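Quick note: the sequence shown, position 106, residue 106 per the numbering used here, numbers continuous.
Okay, structure first, notes after.
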Amino acid sequence: MKPIALLTTIPSDSHNWNLVYIQLFLEEHGFTVVNMGPSVPFYLLLEKCRQLEPSVVIVSTINGHGYIEGKELIRQLKELECMKDIPVFIGGKLSTDANMSSLYAVELEEAGYRKAYDSREDMTEFSRRLEEILLQTAVSR
Ligand code: B12
1 MKPIALLTTI PSDSHNWNLV YIQLFLEEHG FTVVNMGPSV PFYLLLEKCR
51 QLEPSVVIVS TINGHGYIEG KELIRQLKEL ECMKDIPVFI GGKLSTDANM
101 SSLYAVELEE AGYRKAYDSR EDMTEFSRRL EEILLQTAVS R
């Protein structure tokens, strides 16, 4: 059975094509993807995490509010016992200021994300992280 990647966004973000793109990217890397679609309220995400116990959670956000709502999201997620050790990644366009986004990425990592990607970083590093998770999941089974 393939490991589950839970794909989500922040409550205010109604963009969808970024989610479609990341879903395909994750599927190509060997994950079963549960895509929660745009504008996901925190409570629904928490409910899904409890229900699925995913191997990884990916937050894709491009509307510029990621650096604010992304912090609240990770705070609530890490309060769940089943999510304490699960890697969570965030990426896309983290703010409306490209220069500030790399600083916000650091803040988001300090808040609990395994890695935060601003729009200029390429997908190779993300691929590498996904491959690590696949390997770890295979070993722990
Ligand atoms: C299409 C679009 C819309 C459509 C959305 C349709 C739909 N069903 O999705 C509509 C018209 C509805 C819309 C609305 C709005 N939009 Co709009 N939209 C866009 C647009 C033109 C393209 C986005 C897109 O689909 N890209 C295609 C996907 C595949 O690419 P991507 O999103 O860039 O994702 C890539 C990376 O970000 C990265 N990535 C994404 N997620 C992740 C996650 C991880 C972990 C990693 C590693 C990488 C990663 O990988 C992807 C592929 O390279 C962009 C401008 C642009 N050219 O990017 C603006 C843009 C995103 N929108 C913007 C805004 C402000 C809005 C509105 C608030 C406008 C308004 N005032 O009403 C609203 C409301 C949005 C809301 N509430 O969230 C801004 C966001 C500001 C910012 N971040 O700087 C942008 C950047 C336009 C701009 N230059 O100002 N939008």
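Just so you know, even glycine gets a beta-carbon here, dropped at the ideal spot from N, CA and C.
On a predicted model such as this, the values are computed, not experimentally measured, just so you know.
- Message: If distances are taken between C-alpha atoms only, which option among K93, G112, D118 and Y104 comes closest to L77?
- Response: Taking only the C-alpha atoms, the option nearest L77 is G112.
- Item | Closest residue to I58 among L24, S102 and M100 (Cα-Cα distance) | The closest CA to that of I58, considering only L24, S102 and M100, is found on L24.
- Message: So, with DSSP's three-state summary, where would you put L44?
- Response: It is helical.
- Task: Answer yes or no: the CB of H15 versus the heavy atoms of ligand 1, is any distance below 8 Å?
- Result: Yes, ligand 1 has a heavy atom inside 8 Å of this Cβ.
- Just the Cα atoms here: how many angstroms apart are M83 and A138? Distance between the alpha carbons of M83 and A138 is about 19 Å.
- Task: Specify whether the stretch 45-65 and the stretch 80-96 touch according to this definition: at least 3 beta carbon pairs, one from each stretch, less than 8 Å apart.
- Result: A contact exists between the stretch 45-65 and the stretch 80-96.
- Can you tell me which of T9, E28, M1 and F31 puts its alpha carbon nearest to the alpha carbon of G92? Nearest to G92 by alpha-carbon distance, out of T9, E28, M1 and F31, is T9.
- Message: I'd like to confirm something about Y43: is its beta-carbon nearer than 8 Å to some heavy atom of ligand 1, or not?
- Response: Set against 8 Å, the gap from the CB of Y43 to the closest heavy atom of ligand 1 is not smaller.
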